[in-house]
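In structure tokens form, the structure reads like this:
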């Protein structure tokens with residue numbers, strides 16, 4: 017049994033090396049796995065499934081869909097969790113790609129252990145400005161209003177939001193953009209787990225902590241770069257391993 021978990025690929029047309037690396041990863045690794053979990057920010061921006069009809073955006077998305085569907089048809093179970101960049105990704109994409117959308121957070125059993133899976137942005141509670149936007153963006157009313165906008169207008173909105181996010185990030189202290197330790201313990205306690213796997217912060221590491229008086233682990237997936245990918249790999253009953261790997265030989 018092999019389970020793979022990845023996050024924060026931020027696929028977009030301006031980073032073809034990452035797309036090519038991901039497609040190679042599917043063929044060389046995911047094809048032979050029992051399950052692949054993608055824990056958010058799969059795409060750098062997703063402003064509705066009708067992006068599949070946009071001539072400028074569809075080629076990348078369709079290419080990814082075809083590759084995922086082939087892996088799914090081969091027997092690998094595919095799961096996708098929304099991130100802070102692709103929370104409007106919907107059932108049309110999921111059905112076409114042969115994958116299952118996961119709620120965030122979700123507890124799954126991996127190698128006989130209950131593991132909490134998250135994108136991770138909700139754990140960064142010290143970033144109050146972002147958390148306010150997150151609450152708004154996750155509301156059905158806000159999403160319905162955005163999806164009712166013309167597609168080109170939504171693309172402009174996504175562009176503005178990315179620019180605003182980059183400017184805000186450059187002015188924030190590092191600790192504000194990382195997880196809040198007390199929130200991690202609280203969330204793990206609420207879900208009754210001793211292991212958490214998430215992405216979002218782009219700070220890959222394995223953290224040791226204590227939850228309910230027992231040792232616990234938090235694994236943070238890294239973001240993919242043009243020459244580097246990150247995964248958590250679980251083989252049979254072995255403990256999860258966080259590792260990076262070159263995208264291209």
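In the working numbering, the protein residues as written are 17 to 265. Cβ coordinates follow ideal geometry from the N, Cα and C atoms, glycine included.
Approximately 16 Å separates the beta-carbon atoms of residue 97 and residue 125; this is outside 8 Å, ruling out the contact.
Straight-line spacing of the CA atoms in residue 59 and residue 151 works out to 20 Å. Restricting attention to 80, 34, 104, 35, the CA atom closest to the CA of residue 61 is found in 104.
Boundaries of the beta strand (DSSP E) around residue 116: 116 to 118. Take the alpha-carbon of residue 169 and the one of residue 226: they are about 47 Å apart.
Residue state for residue 213 is assigned as strand, using DSSP reduced to three classes. According to DSSP, residue pairing for residue 230 in a beta bridge involves 227. Secondary structure at residue 54: strand, using DSSP grouped into helix, strand and coil. Nearest to residue 139 by C-alpha distance, out of 159, 212, 75, is 212.
The C-beta of residue 236 has 16 or more other C-beta atoms within 10 Å across all chains shown, which makes the residue buried. Under the criterion of beta carbons closer than 8 Å, residue 195 and residue 136 qualify as touching, at roughly 7 Å. Taking the Cα positions, residue 73 is about 47 Å away from residue 228.
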